[in-house]
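Report on one structure; see the data block that follows.
There are 2 protein chains.
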Amino acid sequence: MQTVAIVGVGLIGASFGLAIRKSGFSGHILGVSSRPAVEAGLATGAISDAATLEEAVSKADLIYLAQPVDRIMETLGWLGAKARPETLITDAGSTKSAIVSAAAALQYAPFVGGHPMAGKETRGAQSADADLFRNRTYVLTPHLHPVPGNFRRLLDAIGAKVIEMTAEEHDATVALTSHLPQLVSTALAALMAGQNQPGVKDVFGSGLLDMTRLALSPAELWSSILATNKANVIQGLDRYTQVLAELKQALLMDDLDAFFGRAAEFSATLRKPNYKTK
Amino acid sequence: MQTVAIVGVGLIGASFGLAIRKSGFSGHILGVSSRPAVEAGLATGAISDAATLEEAVSKADLIYLAQPVDRIMETLGWLGAKARPETLITDAGSTKSAIVSAAAALQYAPFVGGHPMAGKETRGAQSADADLFRNRTYVLTPHLHPVPGNFRRLLDAIGAKVIEMTAEEHDATVALTSHLPQLVSTALAALMAGQNQPGVKDVFGSGLLDMTRLALSPAELWSSILATNKANVIQGLDRYTQVLAELKQALLMDDLDAFFGRAAEFSATLRKPNYKTK
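As they're listed, the protein sequences go chains A and B. Counted from 1, the first sequence has number 106 at position 106 by the working numbering; the numbering is strictly sequential. Counted from 1, the second sequence has number 337 at position 59 by the working numbering; the numbering is strictly sequential.
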């Protein structure tokens, strides 16, 4: 692999550039993005050259789409008949089924969907980190093509823990582990925002800060994620509402032990070293 | 103030002992607790002497009840006719109305309810911290008696930010800022514990860890808190369920901007330096 093109030089895209450079990749890293993002990417060394998408598609062995979900789908449409069979296209979008469908537009180039379970509270190439993917789960959803060995070795080299599953399995899973927690946090903060209760903004502990951190996320980041996983997310919300109703009954009966026990055991499992992502 | 007795030498009780010592209190600090807790308190310097409740009630100028809510109510019943008018009784329980009612048993001693909004993930005197209360909100619920000046100065000296409100206001507020977030986290973890979905324990990011940290809390810590604030908590759960239903409708309509905007604004407000507790 001689030339990698990163489309969308934000936190994920720039971190991917820094990570492959750190792991020994010595070829060109083209950055296709807005002018400020490209400048930040050049300044941090995440990319070696600015490029247009036309230039990227003619030169790159790997095109890494690190845009928001809706933009990735647009780019795949644009790449359609232009991307060459020698160029692997992959993406880092937060949902996979809609993106895999959009990738059907690629007439010649192979495509492998991807989703690195990595992030930060701060955005942009300025916050990029060469170790962002280290020891984090990185889902791949190979579809028409198996994962090419050189791409897989690149992910291994940057320390990612690769898991393969179908796009449908991925979306059903992240609906529960990522999209539902986001909405649960947003709903909690929205409820409190509507309270006149004196003291709500003063009388709280670190628990409320934990539970409202995700709620800081802007709608612009989430609207296309949720729109492309709506059925799974609605199902998750319905199940969660059901669990809340059961919890309310348990509270009325002073019978919370089993609930708390199951919840604590699951939460502890997430934190076992094997599963640790943070 | 010459002698302080701490009843319940766990994280909060032992931290109170360390904090007043650090702030210059040079009198006796009696510890009334289980043998291992007393030994840990003596080892860390949080208390200067072990004592029985009988000894504490005959010697202390201030009795600081740092037990679980149900145990505080039992201790108040026991103190009933025994506590002298010269001894201020206060507590650090997580709910206040039930405790204030139980404090009616005190025939001679003045009582001021309290709730330090401070904690840690680890429990016990071993985890005690002289700065646990520094810059944290400390709610007082004076009832029949105003807050004595020497107790107020003690709280100021350990860096606590004292807010006075009624027990009812306190309980309505923490139902939203503490008890509801706990149940929201427990319900989320309980839902996931019940999933067969492959990958739920592997494919997640730091958001799920945030949202399930509270769910690690054991039922034994929460059962008496929730039992003594049940009406407020049920009302909070009902309102939250309503907000989730509204959020579901907004998702179906692809109209999440206002929801996310309100939630993000509230969450940012909590994090302004004035409100910062962590």
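Just so you know, even glycine gets a beta-carbon here, dropped at the ideal spot from N, CA and C. The structure displayed is predicted, hence computed values, not measured ones.
Using the Cα positions of residue i and residue j, report the straight-line distance between them to the nearest angstrom.
i	j	result
A/GLN195	B/GLN460	18 Å
A/LYS278	A/LEU154	Unreliable positioning characterises A/LYS278 in this predicted model, as indicated by a pLDDT of 38, which lies under 50. A coordinate reading is not provided.
B/TYR386	A/LYS248	40 Å
B/THR368	A/PHE266	37 Å
B/MET531	A/SER223	11 Å
A/LYS272	A/PRO142	28 Å
A/ILE6	B/PHE537	33 Å
A/MET117	A/TYR138	6 Å
A/ALA83	A/PHE111	10 Å
B/LEU410	B/THR373	19 Å
A/TRP78	A/LYS22	31 Å
B/VAL462	A/ILE72	33 Å
B/PHE294	B/ALA408	7 Å
A/LEU180	B/LEU466	9 Å
A/THR241	B/LEU534	19 Å
B/LEU504	A/LEU251	8 Å
A/LEU191	B/ILE298	38 Å
B/ALA497	A/ARG262	10 Å
A/LYS120	B/ASN428	46 Å
B/GLY571	B/PHE303	Residue 571 of chain B is absent from the structure shown; chain B starts at 279 and stops at 556.
B/ALA471	A/ALA193	30 Å
A/VAL243	B/ALA328	46 Å
B/GLY485	B/LEU384	47 Å
B/LEU487	A/LEU270	7 Å
B/GLY286	A/GLY8	56 Å
B/ARG430	B/PRO424	10 Å
A/ALA46	A/ARG239	42 Å
A/SER217	B/LEU499	31 Å
Can you have a look at residue i and say buried or exposed, based on whether 16 or more other CB atoms are within 10 angstroms of its CB?
i	result
B/TYR553	With a pLDDT of only 47 at B/TYR553, under the threshold of 50, the placement of this residue in the model should not be trusted; the figure read from the coordinates follows. So B/TYR553 counts as exposed.
B/ASN413	exposed
B/LEU296	buried
B/LEU422	exposed
A/GLY31	buried
A/ARG35	exposed
A/THR279	It is not possible to answer for residue 279 of chain A, since the shown part of chain A is limited to 1 through 278.
B/ARG382	Reading the sequence as shown, one finds Ala at residue 382 of chain B and not Arg. Classification of B/ALA382: exposed, given that the 10 Å Cβ count is below 16.
A/ALA268	exposed
B/GLY483	buried
A/ALA81	exposed
A/ALA264	buried
Once the 5 residues before and after residue i are set aside, which same chain residues still bring their CB inside 6 Å of it?
i	result
B/ALA376	THR506
A/THR3	GLY27, HIS28, LYS59, ALA60 and ASP61
A/GLY13	ILE6 and ALA66
B/ALA493	SER463, THR464 and ALA467
A/ALA102	MET73 and LEU76
A/SER282	As shown, chain A starts at 1 and ends at 278. That puts residue 282 of chain A outside it, with no answer to give.
B/ALA435	SER301
B/ASP480	none
A/LEU291	Missing from the structure shown is residue 291 of chain A; chain A here goes from 1 to 278 and no further.
Tell me which same chain residues have a C-beta within less than 7 Å of the C-beta of residue i, skipping the five on either side of it?
i	result
A/HIS115	ALA92, GLY93, SER94, LYS96, VAL139 and HIS170
A/THR212	SER185, LEU188 and ALA189
A/LYS161	ASN135, ARG136, THR137 and TYR138
B/MET443	VAL417 and THR419
A/GLY10	ALA37, ALA66, ARG123, GLY124 and ALA125
Ignore the nearest five residues each way along the sequence and tell me which others in residue i's own chain have a CB closer than 8 Å to its CB.
i	result
B/THR322	ALA292, LEU296, ALA403, GLN404 and ALA406
A/PRO148	LEU88, PRO110 and VAL112
B/ALA445	LYS374, SER375, ILE377, VAL378, GLY391, THR419 and HIS421
B/ILE441	THR415, TYR416, VAL417 and LEU418
B/PRO363	TYR386, ALA387 and PRO388
Using a Cβ-based criterion (distance less than 7 Å to any ligand heavy atom), does residue i qualify as near the ligand SAH?
i	result
B/GLY477	Because no ligand of any kind appears in the structure shown, any question about the ligand SAH cannot be addressed here.
query = Which of the residues in the region 286-297 of chain B, read from start to end, lie with their CB under 8 Å from any CB of chain A?
reply = none
inquiry  = Please identify, using Cβ separations under 9 Å, the residues of the region 510-536 of chain B that lie next to chain A, in order along the chain.
reply    = VAL511, ILE512, GLY514, LEU515, ASP516, ARG517, TYR518, THR519, GLN520, VAL521, LEU522, ALA523, GLU524, LEU525, LYS526, LEU529, LEU530, ASP532, LEU534, ASP535 and ALA536
task = Please determine if the region 510-517 of chain B and the region 433-453 of chain B are in contact, where contact requires at least 3 C-beta pairs separated by less than 8 Å.
result = yes
query = Quick check: the region 337-356 of chain B against the region 462-479 of chain B, are there 3 or more CB pairs under 8 Å?
reply = no
ask   = Any residues in the region 133-157 of chain A with a beta carbon nearer than 7 Å to a beta carbon of chain B? Which ones, in chain order?
value = THR137 and VAL139
message = Is it the case that the region 317-329 of chain B contacts the region 339-351 of chain B, given that we only count it when at least three CB pairs across the two stretches are under 8 Å?
response = no
query = Mind listing which residues of the region 482-499 of chain B have their C-beta closer than 8 Å to chain A's C-betas, in chain order?
reply = PHE482, GLY483, SER484, GLY485, LEU486, LEU487, ASP488, MET489, THR490, ARG491, LEU492, ALA493, LEU494, SER495, PRO496 and ALA497
key: Residues in the region 434-467 of chain B having any Cβ partner in chain A nearer than 8 Å   = ILE441, MET443, GLU447, HIS448, ALA450, THR451, VAL452, LEU454, THR455, SER456, LEU458, PRO459, GLN460, LEU461, VAL462, SER463, THR464, ALA465, LEU466 and ALA467
task = Report the residues of the region 348-361 of chain B with a CB closer than 8 Å to any CB of chain A, ordered along the chain.
result = none
request  = Below 8 Å between beta carbons is the criterion; list the residues of the region 83-98 of chain A that meet it against any residue of chain B, in chain order.
outcome  = none
request  = Below 8 Å between beta carbons is the criterion; list the residues of the region 193-204 of chain A that meet it against any residue of chain B, in chain order.
outcome  = ALA193, GLY194, GLN195, GLN197, PRO198, GLY199, VAL200, LYS201, ASP202, VAL203 and PHE204
key: Proximal residues, the region 313-344 of chain B versus chain A, C-beta separation under 9 Å   = none
key: Contact set between the region 539-552 of chain B and chain A, restricted to residues whose Cβ is under 8 Å from the partner   = GLY539, ARG540, ALA541, ALA542, GLU543, PHE544, SER545, ALA546, THR547, LEU548 and ARG549
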